[in-house]
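Notes to accompany the following structure.
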Amino acid sequence: MNDEFNATYLTFSGHVELHRFRFLYFLVMFIVYVLILCSNSIILCIIWIHKSLHEPMYIFIAALLLNSILFSTNIYPKLLIDFLSDKQVITHSHCVFQFFAYYSLGASEFLLLSAMAYDRYVSICKPLQYPVIMRKSTVSVLLLLAWLLPALQVMVLAAIIKNVQICRFTLTGIFCNNSIYNLFCVIPRTLSINGVSILLSTVLLPMLFILFTYAKILIISYQSGRDVRKKAAQTCLPHLLVLMSISCLSFYDVIIARLQVYFPRSAHLIMTLQIVIYHPLFNPIIYGIKMKEISKYLKKLLCEGKLN
1 MNDEFNATYL TFSGHVELHR FRFLYFLVMF IVYVLILCSN SIILCIIWIH
51 KSLHEPMYIF IAALLLNSIL FSTNIYPKLL IDFLSDKQVI THSHCVFQFF
101 AYYSLGASEF LLLSAMAYDR YVSICKPLQY PVIMRKSTVS VLLLLAWLLP
151 ALQVMVLAAI IKNVQICRFT LTGIFCNNSI YNLFCVIPRT LSINGVSILL
201 STVLLPMLFI LFTYAKILII SYQSGRDVRK KAAQTCLPHL LVLMSISCLS
251 FYDVIIARLQ VYFPRSAHLI MTLQIVIYHP LFNPIIYGIK MKEISKYLKK
301 LLCEGKLN
């Protein structure tokens, strides 16, 4: 019976003092999850309702916010259940699916930011060609690639993981990420090669493209007039802040979880929670405050709510 249980289920060991603070953990994370859903959904609805925001830049922002909702929904329901459960366990197949969704949606974030960088480059550096280049069909293709390319690549990785023999059944985290690699008896070479190729194609190359694009924008805006510099600052700064945020969290995930760098258990939990708390809330705050048009409609909505 125990062998059958161990072969099917994995146990999370990353929780700290759960028996003492389970209800506090649950309350805090439940409130955060509701805030993530509400804040992202409100800005999504604002973009959906107002036709003046039906432009490529705002469509990409909407896609990024939707990505945050999906990313959080992959983690939070299971996490909330675990806080109230006597045993923090997950089936192997569910763990592989969570791993797939976690990295697929995480990689999509970088590709969506790349599409936004390209949109800003065309808008600022080639304004006369913008309507021709950034057509609806172009936007649709970029969105499709941003979600489909990582999904297909991570799906292959997940399929390999599902068939790798497991010798250990305790995960050092609180959800299924790269720490699943520590369960394997032997890590196949194909798994490592696939992981590196995904990291290069969906994270490092998009980051280099984004940095190169914004460097070009910076050079051209510096050489142009004040209005161009102002437009560049207003539209590019939020994207760069979001890129810095997701890059730091991704760096932690790769270095700490995959390379097994030692961290105290409490510090490990705090850093892990930052991945699922900080960034999904950071996106709507940045775009709600820094994007002038969205901020205008958001203030109008809040003012109407106070009057009612």
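Going by UniProt numbering, the sequence shown opens with residue 1, and the numbers climb by one from there. Cβ atoms here follow ideal geometry from the backbone N, Cα and C, with glycine treated the same way.
Worksheet item: Under 8 Å, do C95 and C176 count as touching if we go by C-beta distance?
Response: Within the sequence shown, residue 95 is the residue found at index 95, counting from 1. Within the sequence shown, residue 176 is the residue found at index 176, counting from 1. Yes, the pair counts as a contact, with Cβ atoms nearer than the cut-off.
- Between the stretch 53-69 and the stretch 284-302, are three or more C-beta pairs nearer than 8 Å? yes
**Study point:** Same chain, Cβ closer than 6 Å to D227, five either side skipped, listed in chain order
**Key:** As a working mapping, residue 227 is identified with position 227 in the sequence shown. Taken in chain order, the list of residues that qualify is empty.
Is the Cβ-Cβ distance between F99 and I193 less than 8 Å?
Indexing the sequence shown from 1 puts residue 99 at position 99. Indexing the sequence shown from 1 puts residue 193 at position 193. No, these two residues do not count as a Cβ contact at 8 Å.
_I need the straight-line Cα distance from I46 to K299, nearest angstrom please._
Counting from one through the sequence shown, the residue named residue 46 turns up at place 46. Counting from one through the sequence shown, the residue named residue 299 turns up at place 299. Going from the Cα of I46 to the Cα of K299 covers about 11 Å.
| query | Using DSSP with H/G/I as helix, E/B as strand and the rest coil, what is V89? | reply | Locating residue 89 in the sequence shown gives position 89, counting from the first residue. If DSSP states are grouped into helix, strand and coil, V89 belongs with the strands.
Pick helix, strand or coil for L128, following the three-state DSSP scheme.
The count along the sequence shown starts at 1 and reaches residue 128 at position 128. Reduced to three states, the DSSP call for L128 is coil.
Exercise. Since Y9 sits in a beta bridge, which residues does DSSP pair it with?
Worked result: In the sequence shown, counting from the first residue as 1, residue 9 sits at position 9. Answer is T91, bridged to Y9.
Discussion item. Which same chain residues end up closer than 7 Å to L241 when comparing Cβ atoms and leaving out the 5 residues on each side of it in sequence?
Written reply: Locating residue 241 in the sequence shown gives position 241, where the first residue counts as 1. If we look at L241 and ignore the five residues flanking it on each side, its Cβ neighbours are I286.
Among P150, I174, A151, N182, whose alpha-carbon lies nearest the alpha-carbon of Q165? Reading the sequence shown from its first residue, position 165 is the one you call residue 165. The shortest C-alpha separation from Q165 is found at N182.
Is the stretch 214-225 touching the stretch 130-138 in the sense that three or more CB pairs, one from each, lie closer than 8 Å? no
message: I'd like the list of long-range same chain contacts for L269, defined as Cβ closer than 8 Å, with 5 residues on each side in sequence excluded.
response: For this step, residue 269 is matched to residue 269 along the sequence shown. If we look at L269 and ignore the five residues flanking it on each side, its Cβ neighbours are G14, H15, V16, I174.
Count the other CB atoms, across all protein chains shown, that sit within 10 Å of the CB of L44; report buried if there are 16 or more and exposed otherwise. Locating residue 44 in the sequence shown gives position 44, where the first residue counts as 1. With 16 or more Cβ atoms within 10 Å of its Cβ, L44 is classed as buried.
Do you know offhand how far R22's Cα is from V89's?
-> Reading the sequence shown from its first residue, position 22 is the one you call residue 22. Reading the sequence shown from its first residue, position 89 is the one you call residue 89. So the alpha carbons of these two residues sit roughly 15 Å apart.
ask   = Which value, in whole angstroms, describes the spacing of the CA atoms of A158 and L301?
value = Residue mapping note: residue 158 aligns to position 158 of the sequence shown, counting from 1. Residue mapping note: residue 301 aligns to position 301 of the sequence shown, counting from 1. Each residue's Cα considered, the two are about 43 Å apart.
- For F212, does the count of other Cβ atoms within 10 angstroms reach 16, so buried, or fall short, so exposed? Walking along the sequence shown from the start, residue 212 turns up at place 212. Exposed, by the Cβ-count rule.
Q | Other residues of its chain near S295: CB distance less than 8 Å, five sequence neighbours each side excluded | A | As a working note, residue 295 is residue 295 in the sequence shown. Excluding residues within five positions, the ones whose Cβ falls inside 8 Å are G288, I289.
- Grab the span of the alpha helix (DSSP H) containing M29 for me, first residue to last. Locating residue 29 in the sequence shown gives position 29, counting from the first residue. Note, M29: alpha helix (DSSP H), 18-49.
* Which of helix, strand or coil does DSSP assign to F97? -> As a position in the sequence shown, residue 97 is number 97, starting the count at 1. Here F97 sits in helix by DSSP.
Which residue marks the beginning of the alpha helix (DSSP H) containing Y15, and which one marks its end? For the purposes of this step, residue 15 is taken as the residue at position 15 of the sequence shown. Looking at the sequence itself, residue 15 is His, so the reference to Tyr does not match. It is not in any alpha helix (DSSP H) - H15 carries neither H nor E in the DSSP assignment.
query: In the DSSP assignment, what are the bridge partners of H184?
result: As a first step, residue 184 is located in the sequence shown; it is residue number 184 there, counting from the start. Before going on, a small fix: residue 184 reads as Phe here, not His. Looking at the DSSP assignment, F184 forms a beta bridge with I166.
Between the alpha carbons of T73 and N283, how many angstroms are there, rounded? As a position in the sequence shown, residue 73 is number 73, starting the count at 1. As a position in the sequence shown, residue 283 is number 283, starting the count at 1. Distance between the alpha carbons of T73 and N283 is about 16 Å.
Using the beta-carbon count (16 or more within 10 Å), is K190 buried or exposed? Position 190 of the sequence shown holds residue 190. In the sequence on display, residue 190 carries Thr and not Lys. That one is exposed.
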